[in-house]
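Notes follow the structure.
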Amino acid sequence: MTQETTHPDKPKLAVQRIYTKGSLFEAVTLTPALLKSISTTAAPTIDLQVQTNYTKREDDTYEAVLTINLTAKNDGSLLWRIQLQQAGLYTLEGVDEEQLKRVLNGYCMNQLYPYAATTASMMVLQGGFPPLYLTPMNFDTLYRKQLEQEAQTEGGERGTELAVAEDSSLVTH
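Numbering (this note's numbering), first residue to last: 325 to 497.
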């Protein structure tokens, strides 16, 4: 006689789609003097701001959105600015609320970031500027640090490095 045991459903994650939700590239007019200045001076100053957000779409389907704002300045003058939203649709089943937040703010953002970095790099190149290489980010670690910071402040002041907004978004400054 064979004895069967019932196993609880294992959590399931399925990627439905990854896509660019929105993008904007704004650049100054490239003059010969500006091109010479760019090529002879130190690398431009790059400011990177990242925000994560997710929204429930259907029963177990969520849209995760990674928003990147990049600004490049040379000697204090704007060279270019990028606003980019990289998104993905994910189906998550059999997870509790804590696991859901960890997957959407960590795993999903880790999956979206390389797409966003590649798109931003292509936008800069197609804008006529030198290549842009964005450093990899670990969103699992960023989310964990945010939770630790929240636990320390227990609803007090928001941190300066990371902040979780009421709309389930993770912001880095």
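Where is the CB? At the ideal position from N, CA and C, for every residue including glycine.
Residue range of the unbroken alpha helix (DSSP H) whose run includes residue i
i    : result
K296 : The structure shown has nothing for residue 296, since the chain only spans 325 to 497.
D371 : Element bounds for D371: not the alpha helix (DSSP H) but the beta strand (DSSP E), T369 to K380.
P438 : C432 to Q450
Y467 : F463 to T477
Whole-angstrom distance between residue j and residue i, CA atom to CA atom
i    : j    : result
T385 : E472 : 28 Å
D464 : K425 : 11 Å
D399 : I370 : 12 Å
G346 : I392 : 10 Å
G418 : L337 : 9 Å
R405 : K334 : 43 Å
T376 : N434 : 11 Å
F453 : T459 : 18 Å
Per DSSP, the bridge partner or partners of residue i
i    : result
F349 : I406
L337 : L416
Cβ pair residue i, residue j closer than 9 Å
i    : j    : result
L348 : V374 : no
I342 : G430 : no
Y437 : S445 : no
Q340 : T415 : yes
A396 : P368 : yes
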